[in-house]
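Heads up: the protein sequence lines correspond to chains A and B, in order.
Numbering-wise (the working numbering), the first sequence opens with residue 1 and increments by one.
Numbering-wise (the working numbering), the second sequence opens with residue 1001 and increments by one.
Below is one structure, written out as structure tokens; comments come after it.
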Amino acid sequence: MPGRAPQPHAAHVAPIPAVAGIGLRALHHDHVLANPGASAWLEVHPENYLGEGVAADILIAVRERYPISLHATGLSLGSVGGVDADHLSAIAELCRRIQPGLISDHLSWSAANGMHLPDLLPMPYTREAQDIFARNIETVQAALGRAILIENPSVYLAFADNEMHEAEFLAGLVRRTGCGVLLDINNIAVSAANLGEAPTARLHAMFDALPAAAVGEIHLAGHAVRDLPDGSHVAIDDHGSPASDAVWQLFADAVSRIGTRPVLIEWDTEIPAFDVLADEAAKADAILTTEVRRAEFV
Amino acid sequence: MPNLSEIQRDFASAILAGDVLDIATAPGRVSPAAALQVHRNTVVGALVNALRLTYPSVDALVGEAFFDQVAADFARVHPPATARLAGYGEAFANFLAVQVPTLAYLPDVARLDWALDRCSAAPDTVRHIELDGSVTLEWPVSLTVLSLNHPAGEIRAALGDDAALAVLDMTPAPRWLLVWRKGRQVMTRAASPPAAAFVDAILAEQGAQVALRAALAHSADALSLISSEIFAASFCTIGDAT
Chain A
1 MPGRAPQPHA AHVAPIPAVA GIGLRALHHD HVLANPGASA WLEVHPENYL
51 GEGVAADILI AVRERYPISL HATGLSLGSV GGVDADHLSA IAELCRRIQP
101 GLISDHLSWS AANGMHLPDL LPMPYTREAQ DIFARNIETV QAALGRAILI
151 ENPSVYLAFA DNEMHEAEFL AGLVRRTGCG VLLDINNIAV SAANLGEAPT
201 ARLHAMFDAL PAAAVGEIHL AGHAVRDLPD GSHVAIDDHG SPASDAVWQL
251 FADAVSRIGT RPVLIEWDTE IPAFDVLADE AAKADAILTT EVRRAEFV
Chain B
1001 MPNLSEIQRD FASAILAGDV LDIATAPGRV SPAAALQVHR NTVVGALVNA
1051 LRLTYPSVDA LVGEAFFDQV AADFARVHPP ATARLAGYGE AFANFLAVQV
1101 PTLAYLPDVA RLDWALDRCS AAPDTVRHIE LDGSVTLEWP VSLTVLSLNH
1151 PAGEIRAALG DDAALAVLDM TPAPRWLLVW RKGRQVMTRA ASPPAAAFVD
1201 AILAEQGAQV ALRAALAHSA DALSLISSEI FAASFCTIGD AT
């Protein structure tokens, strides 16, 4: 039988503070390890750190220096076939080892027909789909022993037979499962652009449907706009640039409505130097600080 | 309205097979075909990137454009079954053998890349092997033996140096590499046939006696080779079982 060396375990959950953090990618592992305090907190995709290999060892070392949030992309909570038990078990083991401050995944699905398609595919917003999604959230929360956050995704189409708005779909999940919401401001902007909605109206629909306390985290990121052959445009959630001015304005609007929250700077393609990410985080912190002062004044 | 099962089945099929999406969508600024293409690009792009991370030597040898094409072809035929993309693409070497027969060495380079990747995903711990009741070996649980027919290790070492690559002897011949994890690094070294056979048999839980017989079948000098290549190797520790 293979031997097994003792593994370090974080003793306690480190809460994620209501300030800006940074999405950690492999390019910056060495930087954050060599510069403790480089960010108030960090968020990673757990799928990149499962098991006991080099990547998991690095994450444990990072966790010894920073509060960590796990932002999953592969639980496929919207899959009619349920949650992959082996994958959920691996995520649960990682949670046990690093005790993340927050755990989240998306309002989407990825698995069907025995395949896993690595994308956040759109849900129909129907009662049947909501039932299935709620059941899958409950499976995950039971396995992890804690509530998770569900992120509103970027969408490129809406199904004709939707029975409710995305915000109502999310609100129903919150009521039924006790989960929270990860409010992705960039996704609000991207979805609004692609569906022909006003971004502010889409954001406010969230606040109208959801209790403010349900929002446990906010994401900020950049997106691309591509021309299509038919002369139209598509906004693509590529996380490859700074957040747009419109996204910063929506963020300020959101913070003025619900107060401060942990805010993440996400950047996944064309990843810049860590200092660029830190500058984006500082920009978010400045907006959060303004809101704190405004709330104190009021 | 199709139910969720039907939507997911049709959507997944449309993404991988390039079919038209046969599900009614609400009016928006993006046509259903364009929306589907965004998802198709994301899915295939993510799988190509996952393969590129696992097979960096293949990528370096064939170039980005060719790798993108062959990896995308692979992804459409062999989509992953799980969300864990580290570990996706085990069949890529055999796929290359069929798709790129003119580069006979390429599958072996892929097999080496795969072994290195899997080794980095293994725990950095040791296993204890009792040899004869009084002597034990300790070596990394990640240790594997790679059996190749082309000089994949030499090719990998020469990547980026066209002159060095040009003078490599690509003549097919059996060869073996030991691969193991050391901290954050993955190490390799060539192994003689007896040493490779010995490790292979131990890893197959066949016991020390069978392992020694397997090694001796290759060479009468097997004990000396095992001693120098395995017992004296930096990854191996010999201890007293008592």
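Ideal placement from N, C-alpha and C gives every residue a C-beta, glycine not left out.
Alpha-carbon spacing of residue i relative to residue j, whole angstroms
i: W41 of chain A; j: A1232 of chain B; result: 45 Å
i: D1169 of chain B; j: D1059 of chain B; result: 21 Å
i: L157 of chain A; j: T1025 of chain B; result: 7 Å
i: L195 of chain A; j: S1031 of chain B; result: 10 Å
i: A1208 of chain B; j: I1202 of chain B; result: 7 Å
i: T290 of chain A; j: V276 of chain A; result: 22 Å
i: H12 of chain A; j: P1056 of chain B; result: 38 Å
i: A1214 of chain B; j: G53 of chain A; result: 31 Å
i: T81 of chain A; j: G74 of chain A; result: Here residue 81 of chain A turns out to be Gly, not Thr, going by the sequence shown. Whole-angstrom Cα-Cα distance: 14 Å.
i: V1126 of chain B; j: G78 of chain A; result: 40 Å
i: E168 of chain A; j: G1028 of chain B; result: 20 Å
i: R1181 of chain B; j: W267 of chain A; result: 30 Å
i: L1216 of chain B; j: S1192 of chain B; result: 12 Å
i: Y125 of chain A; j: A134 of chain A; result: 12 Å
i: L173 of chain A; j: A1157 of chain B; result: 53 Å
i: R293 of chain A; j: R261 of chain A; result: 15 Å
i: L1159 of chain B; j: D1068 of chain B; result: 19 Å
i: S108 of chain A; j: A1083 of chain B; result: 14 Å
i: G101 of chain A; j: V32 of chain A; result: 18 Å
i: T1054 of chain B; j: L1036 of chain B; result: 27 Å
i: D1108 of chain B; j: Y49 of chain A; result: 27 Å
i: L1178 of chain B; j: A1211 of chain B; result: 16 Å
i: P2 of chain A; j: P1140 of chain B; result: Model confidence at P2 of chain A stands at a pLDDT of 33, short of 50, so the residue's coordinates are unreliable; what they give is reported in the following sentence. Each residue's alpha carbon lies about 9 Å from the other.
Residues that residue i contacts on chain B, provided the C-beta gap is smaller than 9 Å
i: H87 of chain A; result: T1082, A1083 and R1084
i: A160 of chain A; result: M1001, I1023, A1024, T1025, A1026 and P1027
8 Å Cβ cut-off: residues of chain E touching residue i
i: R1009 of chain B; result: Annotation note: the requested chain E is absent from the structure, which comprises protein chains A and B.
Buried/exposed call for residue i, threshold 16 Cβ in 10 Å
i: V140 of chain A; result: buried
i: Q1008 of chain B; result: buried
i: R96 of chain A; result: exposed
i: F1198 of chain B; result: buried
i: L121 of chain A; result: buried
i: A198 of chain A; result: exposed
i: S1228 of chain B; result: exposed
i: S1134 of chain B; result: exposed
i: V1020 of chain B; result: exposed
i: E1205 of chain B; result: exposed
Residues that residue i contacts on chain B, provided the C-beta gap is smaller than 7 Å
i: A92 of chain A; result: Correct list: empty, because the minimum Cβ distance to chain B is about 14 Å.
i: W109 of chain A; result: Q1008
Under 9 Å from the C-beta of residue i: neighbouring residues of chain A
i: A1120 of chain B; result: Sequence check: residue 1120 of chain B is Ser here, not Ala. What S1120 of chain B touches in chain A: G53, V54 and A55.
i: L1047 of chain B; result: L117 and P118
i: S1192 of chain B; result: Chain A residues near S1192 of chain B: none, gap ~25 Å exceeds 9 Å.
Whole-angstrom C-beta distance between residue j and residue i, which should lie under 8 Å
i: C1236 of chain B; j: L1137 of chain B; result: 6 Å
i: H219 of chain A; j: D184 of chain A; result: 4 Å
i: A72 of chain A; j: P36 of chain A; result: At roughly 26 Å, the Cβ-Cβ gap does not stay under 8 Å, so A72 of chain A and P36 of chain A are not in contact.
i: A1093 of chain B; j: A1065 of chain B; result: Going by Cβ atoms, the distance from A1093 of chain B to A1065 of chain B rounds to 20 Å, so no, they are not a contact pair.
i: E170 of chain A; j: I150 of chain A; result: A small correction: the amino acid at residue 170 of chain A is Leu; Glu does not occupy that position in the sequence shown. Sure, about 6 Å apart at Cβ, within 8 Å.
i: G180 of chain A; j: A147 of chain A; result: 6 Å
i: A1012 of chain B; j: L117 of chain A; result: 6 Å
Residue i: contacting residues in chain A (beta-carbon distance under 7 Å)
i: V1077 of chain B; result: Ordered by position in chain A, no residue passes the 7 Å Cβ test against V1077 of chain B, which lies about 11 Å from the chain.
i: D1124 of chain B; result: D57
i: I1015 of chain B; result: L117
i: V1030 of chain B; result: Y156, L157, N194, S232 and V234
i: A1035 of chain B; result: Y156 and L157
i: S1005 of chain B; result: V80
i: A1012 of chain B; result: A112, N113, M115 and L117
Residue nearest to residue i in terms of C-alpha spacing, selected from the options
i: G1045 of chain B; options: B:D1073, B:A1033 and B:G1028; result: B:D1073
i: A209 of chain A; options: A:E166, A:V13 and A:L59; result: A:E166
i: L1075 of chain B; options: B:L1016, B:H1128 and B:L1223; result: Note on residue identity: the sequence assigns Ala, not Leu, to residue 1075 of chain B. Answer by Cα proximity: B:L1016.
i: I1226 of chain B; options: B:A1173, B:A1104, B:P1194 and B:R1111; result: B:P1194
i: R988 of chain B; options: B:G1153, B:N1094 and B:V1167; result: What is shown of chain B runs 1001 to 1242, which leaves residue 988 of chain B out entirely.
i: V155 of chain A; options: A:S110, A:D237 and A:G178; result: A:D237
i: A254 of chain A; options: A:A278, A:S241, A:A235 and A:A213; result: A:A213
i: S192 of chain A; options: A:G231, A:A205 and A:V181; result: At residue 192 of chain A the sequence reads Ala, which differs from the Ser that was named. Of A:G231, A:A205 and A:V181, the residue nearest in Cα terms is A:A205.
i: R65 of chain A; options: A:D30, A:S244, A:I287 and A:C179; result: A:D30
Under 8 Å by beta carbon: chain A residues contacting residue i
i: T1042 of chain B; result: P118 and D119
i: R1052 of chain B; result: Going along chain A, no residue has its Cβ under 8 Å from R1052 of chain B, so there is no contact; the nearest lies around 13 Å.
i: V1038 of chain B; result: Y156, V234 and I236
Residue i: CB within 6 Å of a non-hydrogen atom of the ligand SAH
i: D245 of chain A; result: This structure lacks the ligand SAH, and indeed carries no ligand of any kind.
Residue i: contacting residues in chain B (beta-carbon distance under 8 Å)
i: A129 of chain A; result: L1004
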